[in-house]
Ligand SMILES: Cc1cc2nc3c(=O)[nH]c(=O)nc-3n(C[C@H](O)[C@H](O)[C@H](O)COP(=O)(O)OP(=O)(O)OC[C@H]3O[C@@H](n4cnc5c(N)ncnc54)[C@H](O)[C@@H]3O)c2cc1C
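In the numbering used here, the protein residues as written are 1 to 187.
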């Protein structure tokens with residue numbers, strides 16, 4: 001929502017330079033805003049993204065540590081957990097035991113619910129590899145902060161896969177900003 005036009009509008013208000021707006025000077029302005037120190041970051045908050053995400057619970061827990069943005073997540077109090085869970089493909093040894101454990105936990109969950117347990121209590125037996133779904137609304141500045149942290153080599157690989165996918169979407173909608181961000185921040 002808004003994309004680079006909204007960023008340019010916000011920046012040009014600051015300098016009262018609307019009359020200088022053209023494609024080349026707007027691109028230079030965005031690159032300068034990303035590169036400047038200290039950063040004139042708030043102009044990027046006028047561009048807003050909304051994503052529908054399906055990911056393992058452990059990725060969602062890390063994701064929701066990012067406070068600048070808003071989330072709404074599928075409720076396992078009100079909705080039954082689907083028998084769906086993440087299986088790491090890169091690890092081969094122990095995979096069968098992992099899958100058997102996840103299936104056994106779903107068997108137990110479903111039998112407890114069938115016995116009359118509340119879903120909100122029965123879910124306690126499920127592991128963090130189960131999938132969750134949420135909607136995330138975030139401004140472009142906070143999105144770049146998330147990308148920087150979750151594309152870092154210290155970030156968990158599974159979370160980084162989501163960051164890679166969202167970086168591609170970000171680049172599609174805000175190509176000049178994403179290029180400058182990759183050049184200046186991600187390097
Ligand atoms: C590799 C990695 C490992 C991590 N390990 C752990 C861990 O073991 N345990 C753990 O608890 N967390 C961990 N985290 C989470 C981390 O501490 C941050 O909570 C998370 O990355 C969100 O970053 P953020 O605060 O910049 O983002 P946001 O919460 O989106 O905040 C964005 C920016 O707003 C400002 N801001 C937001 N809230 C405040 C505030 N209250 N006061 C002042 N400024 C504020 C800050 O400038 C902040 O950078 C880890 C993160 C990474 C990337």
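Heads up, the beta-carbon is just placed ideally off N, CA and C, and yes, glycines get one too.
Ligand 1 heavy atom lying under 6 Å from the CB of residue i
{"i": "residue 68", "result": "yes"}
{"i": "residue 145", "result": "yes"}
{"i": "residue 153", "result": "no"}
{"i": "residue 65", "result": "yes"}
{"i": "residue 39", "result": "no"}
{"i": "residue 142", "result": "yes"}
{"i": "residue 149", "result": "yes"}
Where the alpha helix (DSSP H) through residue i begins and ends
{"i": "residue 130", "result": "Per DSSP, residue 130 belongs to no alpha helix (DSSP H) and is neither H nor E."}
{"i": "residue 173", "result": "157–173"}
{"i": "residue 9", "result": "3–15"}
{"i": "residue 189", "result": "Here the chain comprises residues numbered 1 to 187, so residue 189 is not present and cannot be evaluated."}
Continuous beta strand (DSSP E) stretch holding residue i: start and end
{"i": "residue 119", "result": "Residue 119 -> not in any beta strand (DSSP E); alpha helix (DSSP H) instead, spanning 119–122."}
{"i": "residue 79", "result": "Premise fails: residue 79 is in no beta strand (DSSP E) and is neither H nor E."}
{"i": "residue 95", "result": "Counting along the chain, residue 95 falls outside any beta strand (DSSP E), though it belongs to the alpha helix (DSSP H) covering 95–114."}
Reduced DSSP secondary structure (H/G/I, E/B, other) of residue i
{"i": "residue 70", "result": "strand"}
{"i": "residue 22", "result": "coil"}
{"i": "residue 150", "result": "helix"}
{"i": "residue 137", "result": "strand"}
{"i": "residue 50", "result": "strand"}
Distance between beta carbons of residue j and residue i, contact taken as under 8 Å
{"i": "residue 119", "j": "residue 80", "result": "6 Å"}
Validate contact between the region 131–150 and the region 67–84 using beta carbons, cut 8 Å, 3 pairs: yes
Inter-stretch contact at 8 Å, needing at least 3 Cβ pairs: the region 97–115 / the region 33–53: no
Cβ contact (3+ pairs, closer than 8 Å) linking the region 8–18 and the region 35–44: yes
Contact between the region 76–86 and the region 122–131 (3+ Cβ pairs under 8 Å): yes
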